[in-house]
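Q: Numbering (full-length UniProt numbering), first residue to last: 1 to 100.
Note that CB positions come from ideal geometry on N, CA and C, so glycine has one too.
Note that the coordinates shown come from a computational prediction; the quantities given were computed from them, not determined experimentally.
A single structure is presented below for examination.
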Amino acid sequence: MFAIIQTGGKQYRVQEGDVIRVESLKGEAGDKLDLTPIFVGGDQNAFGDAAGKFTVNAEVVEHGRGPKIYIRKYKSGIQYRRRTGHRQDFTAIKILGIKG
Numbered sequence: 001m002f003a004i005i006q007t008g009g010k011q012y013r014v015q016e017g018d019v020i021r022v023e024s025l026k027g028e029a030g031d032k033l034d035l036t037p038i039f040v041g042g043d044q045n046a047f048g049d050a051a052g053k054f055t056v057n058a059e060v061v062e063h064g065r066g067p068k069i070y071i072r073k074y075k076s077g078i079q080y081r082r083r084t085g086h087r088q089d090f091t092a093i094k095i096l097g098i099k100g
């Protein structure tokens with residue numbers, strides 16, 4: 001059985017045992033989360049209001065920061081060059097099960 005969850009403005013396809021990195025969430029390592037799926041597939045297909053009856057149980061594994069991404073800006077002819085960097089915060093969560 002799998003589910004599609006939405007968190008941080010993105011959608012993820014998950015099943016039991018998956019460890020995924022999502023946008024930073026509140027909570028410490030070891031905290032439990034209950035997420036509401038927008039679609040459930042596998043033995044039973046459910047979407048919309050029917051998927052709201054299911055819950056995806058997850059556990060926070062760790063918090064961290066992703067790799068540094070360099071952004072370069074350039075405009076030709078006027079000697080304009082800029083270089084900046086960015087590291088995105090993330091939370092790794094482990095899917096414990098899909099109940100419904």
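How long is the line joining the alpha carbons of Val14 and Ile5, rounded to whole angstroms?
A: Here the alpha carbons of Ile5 and Val14 stand approximately 7 Å from one another.
Q: For Asn57, which residues does DSSP report across the bridge?
A: Asp34 and Gly97
Q: Across the stretch 64-78 and the stretch 33-40, are there enough close Cβ pairs to call them in contact, namely three or more that are closer than 8 Å?
A: no
Q: Looking only at C-alpha atoms, which of Thr84, Arg87 and Gln11 sits nearest to Val20?
A: It should be noted that the sequence gives Ile, not Val, for residue 20. Among Thr84, Arg87 and Gln11, the Cα nearest to that of Ile20 belongs to Gln11.
Q: Any idea what DSSP makes of Gly52, helix, strand or coil?
A: For Gly52, the three-state secondary structure derived from DSSP is helix.
Q: Let me check understanding here. Comparing Cα to Cα, which of Ala3, Leu96, Gly100 and Met1 lies closest to Glu59?
A: Leu96
Q: Does the separation of the CB atoms of Phe47 and Ile98 fall below 9 Å?
A: no
Q: DSSP beta-bridge partners for Asp89?
A: Arg65
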